[in-house]
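**Q** Encoded as structure tokens, here's the structure I'll be asking about.
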Amino acid sequence: MLSFISGFLSIVYSETRRLIKGFLQSYLWFGVLVFISTYALFAEKYTDISIDPMILPSEYANNPMTDVLRYIVSFAATSSSEVMSGKIPTMVFPLSIGVIFFILFPFMLSLTLMGNQIIKKASTTIAGENEKKTFYIMASSPQTRPSIYFGKFIGLLLLTLPMILFFYFITEWVFTSLFSSAYNVGILVLQMLFINAVLFASAGMFISVLFKNEKKATWVGTKIVTVTAMLTSLWIMIPFLEFVLNLTNNSTDYLIYLEKITWLSPFTLELMAVYNPSVFTDYFNILTAISVILLFLGMVTFIRHDIEY
Amino acid sequence: MIVLSKLNKKYGKTRAIKDFDLHVKKGVIHGLIGPEACGKTTVLRLLSTLVRPDSGKANINEIPLERGLHIRKIIGYVPKTPCLPKDHTARELVGFAASLHGIHDRNIIESILKQMGLESVADQRLDRFSQAMEKNVAFAIACVHNPLVLLLDEPMAGLDPVSQKRIREFLLASNKTVLLTGQDLDAVDGLCKSVTVMRSGSVIVDGEMADLRQKIGKGAIEIKLFDVGQTQKLLFELGKYGAKVTVSGESIYVHYKNDSEIPGIMKIAASAADIIDARPVKISVDDIFAKYHPVEK
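Below is the structure:
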């Protein structure tokens, strides 16, 4: 048993070592882009004021952009007298809008960057070794196929920890120095980033066992991230679409279906969960279940594979 | 001990092996002989649990193939052309293979590297290695846990003469059960005690190497004469000498059981007829097949 565990740890170490080079550059880009997008939030002032939800009724109350739209409408309404008297109104954002900006920009950016990097690397784990025909070393050792698969999975996850921790510290920094600690979503962000890593790692590895070609597997993986990120972008825009359609007296009925399609993207669920903590547990569980299913499917497919060399 | 019974494996529509039976005694070096794509590699891949059989039974040292984890503890496998990660050094790779078996003793790793002649290049990356050196690394990986059974796919292919000699000596001294493949009998000569000859995924014949040699001979000399009219005379003289002779077209094949017979045969042939050409020919699997299945041919 001890030798099995030691062998398993060797797989984890070997996978981490194999992938770390590719991750170093990603860490740098992740750090720089997330820092810039977070630092941009410091350019505005935030006060503890609330927005009246009745100013703009919407069917999409769970969408953070609805609040942004409400704030813009309320700002336009309250500052109109100043504008009429020739003054330039000062835009002071409510704290809740600051938090929304944080969720929509640095958080969304970190989710997509992480998802893209993880799926790119995960999709090479099995497909790459199959293509290079180097699998026989592990496959003919006293390790089971599930332990090889899981070892590679854990090795990959370990490499996402610096990104997750970096963003957690960024969140703590923003909420202690810019927003009120009362709004702090640090723990929620931490959990969501972790489940995001688990989800994309299991999805990437599942893709990896389906393809024998590393390039093809990576292509499919990155395309999935692109499509899901686009769906989430669409979800963010739904309140705007609703607003425009209402202004032009057009039907907004189909937006409900459109919103349901955008829920297919894990990023949408992740943003919703952090924005609205009351649904956090449900969405976290859904994402965990999907991750477990993908991990299980990948493992079963891998077990049934004939290893080539 | 390796026992395979009625083993079958298909790749798509191609039947790689059909009702394959094999029995390799404990501590014996057994050769699996056959032409390219006859299913030899599939047998080794099945035994090393890299692929699963479609049907049939197999066990190694009485452990059934289904218990892959236990099988892999006692086997060492070397592919024909090992593909190894080029960004590792030989030491790292052998160390990794050892750690997969729960071995962390540096002395064991050093010892196997030395045994395979890799101690001077152990810290070089594999992208600087020749094919022969890579194969030596593959041997080190396969043997680092001192397996009871070795599965070697054409072990001498791609090896330089020095490495071939080293591997040969290592195998002969190891007392391990070894199943190795080769394309003809010469490839395993002097190494295997018993042999199984395969063709198109099935066994043609199996038995002790010595018995097989007795029946089919070691090889033949193909002789071409200046004047075919001298053929009868040559056949008569060689017949007196006791050599087994067959004629095919303009070629005369003189079979021998031992290399020491060759000078005698050539002396008689040269005195009986004018020879244009004489060359040794190997006994092919087809010859063995013809010998054991004359009607089918």
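Respectively, the protein sequence lines represent chains A and B. According to our numbering, the stretch in the first sequence is residues 1460 to 1768, in order. According to our numbering, the stretch in the second sequence is residues 11 to 307, in order. Just so you know, even glycine gets a beta-carbon here, dropped at the ideal spot from N, CA and C. Quantities reported herein were computed from a predicted structural model and do not represent experimental measurements.
#1: Taking Cβ to Cβ, would you say Leu248 (chain B) is nearer than 7 Å to Val255 (chain B)?
#2: Thinking just about the alpha-carbon of each residue, which of A:Met1758, A:Leu1756, A:Asn1735 and A:Ile1766 is nearest to the one in Pro1523 (chain A)?
#3: Counting along the chain, where does the beta strand (DSSP E) carrying Ser99 (chain B) start and finish?
#4: Per the contact definition of three or more C-beta pairs closer than 8 Å, is the stretch 215-224 of chain B in contact with the stretch 55-67 of chain B?
#5: Going by DSSP, what residue range makes up the beta strand (DSSP E) through Phe30 (chain B)?
#6: What's the C-alpha gap between Met1758 (chain A) and Leu17 (chain B)?
#7: Would you report the Cα separation of Lys145 (chain B) and Gln174 (chain B), rounded to the nearest angstrom?
#8: If you check the beta carbons only, do Gly1587 (chain A) and Ile1470 (chain A) fall under 7 Å apart?
#9: Measure how close the beta-carbons of Ile1596 (chain A) and Ile151 (chain B) come, nearest whole angstrom, since I'm counting them as under 8 Å.
#10: What's the gap between the Cα of Ala1581 (chain A) and the Cα of Phe1659 (chain A)?
#11: Give the DSSP-derived three-state secondary structure of Asp287 (chain B) in the structure shown.
#12: Quick one, which of A:Asn1643, A:Val1644 and A:Val1684 has its alpha-carbon nearest Gly1663 (chain A)'s?
#13: Any idea what DSSP makes of Asp216 (chain B), helix, strand or coil?
#14: Could you check whether the Cβ of Ala280 (chain B) sits closer than 7 Å to any Cβ belonging to chain A?
#15: Report, in whole angstroms, the separation of the C-beta atoms of Gly1680 (chain A) and Lys1591 (chain A), which I expect to be a contact under 8 Å.
#16: Mind checking if Lys1591 (chain A) is an interface residue toward chain B, Cβ cutoff 7 Å exclusive?
#17: Please list, in chain order, the residues of the stretch 141-156 of chain B that have any C-beta partner in chain A closer than 7 Å.
#18: Please name the residue or residues paired with Ser258 (chain B) in a DSSP beta bridge.
#19: Taking only runs that begin and end inside the stretch 1502-1556 of chain A, name each unbroken alpha helix (DSSP H) of 4 or more residues, in chain order.
#20: Can you pull out the residues from the stretch 1468-1480 of chain A whose beta carbon lies closer than 7 Å to at least one beta carbon of chain B?
#21: If we define contact as Cβ-Cβ less than 7 Å, is Gln1484 (chain A) a contact residue for chain B?
#22: My understanding is that Leu1756 (chain A) touches Phe1665 (chain A), with C-beta atoms under 8 Å, so please give their C-beta distance in whole angstroms.
#23: Quickly, what does DSSP pair Glu17 (chain B) with across the bridge? List them, please.
#24: Under 7 Å, Cβ to Cβ, is there at least one residue of chain B near Gly1663 (chain A)?
#25: Below 6 Å, is the gap between the Cβ of Leu1706 (chain A) and the nearest heavy atom of the ligand NAD?
#26: Does any CB atom of chain A fall closer than 7 Å to the CB of Lys19 (chain B)?
#27: For Glu306 (chain B), count neighbouring C-beta atoms within 10 Å of its own C-beta (all shown protein chains included) and say buried if the count is 16 or more, exposed if not.
#28: For the candidate residues B:Asn71, B:Ile285, B:Leu75 and B:Gly229, whose alpha-carbon lies nearest to that of Ser1423 (chain A)?
#29: Which first and last residues belong to the beta strand (DSSP E) in which Lys145 (chain B) is found?
#30: Taking the C-alpha atoms as reference points, what is the distance between Phe1494 (chain A) and Gly105 (chain B)?
#31: Distance, Cα to Cα, Glu179 (chain B) vs Asn1575 (chain A)?
#32: Does DSSP put Ile1766 (chain A) in a helix, in a strand, or in coil?
#33: What would DSSP say about Met1622 (chain A), mapped onto helix, strand or coil?
#34: DSSP puts Met1597 (chain A) in a beta bridge; with which residues?
#35: Locate the alpha helix (DSSP H) running through Asn1705 (chain A), then write down its first and last residues.
#36: Is it the case that the Cβ atoms of Lys234 (chain B) and Ser212 (chain B) are separated by a distance below 7 Å?
**A** Based on what the coordinates show:
#1: yes
#2: A:Asn1735
#3: Inspection of the sequence shows that residue 99 (chain B) is occupied by Thr rather than by Ser. First-last for Thr99 (chain B): undefined, no H or E at that position.
#4: no
#5: Thr24 to Val34
#6: 26 Å
#7: 11 Å
#8: no
#9: 6 Å
#10: 8 Å
#11: strand
#12: A:Val1684
#13: strand
#14: no
#15: Not a contact, Cβ separation roughly 18 Å.
#16: yes
#17: Ile151
#18: B:Ser261
#19: 1523-1543
#20: Ser1469 and Ser1473
#21: no
#22: 6 Å
#23: Note that residue 17 (chain B) corresponds to Leu in the displayed sequence, not to Glu. B:Phe30.
#24: no
#25: Looking at this structure, you won't find the ligand NAD or any other ligand, since it has none at all.
#26: no
#27: A caution first: Glu306 (chain B) carries a pLDDT of 47, below 50, which makes its placement in the model unreliable, though a value can still be read off. Exposed, by the Cβ-count rule.
#28: Residue numbering for chain A in the displayed model covers 1460 to 1768; residue 1423 (chain A) lies beyond these limits and cannot be assessed.
#29: Not the beta strand (DSSP E): Lys145 (chain B) falls in the alpha helix (DSSP H), residues Gln141 to Cys153.
#30: 41 Å
#31: 52 Å
#32: coil
#33: helix
#34: Answer is none; Met1597 (chain A) lacks a bridge partner.
#35: Glu1673 to Leu1706
#36: no
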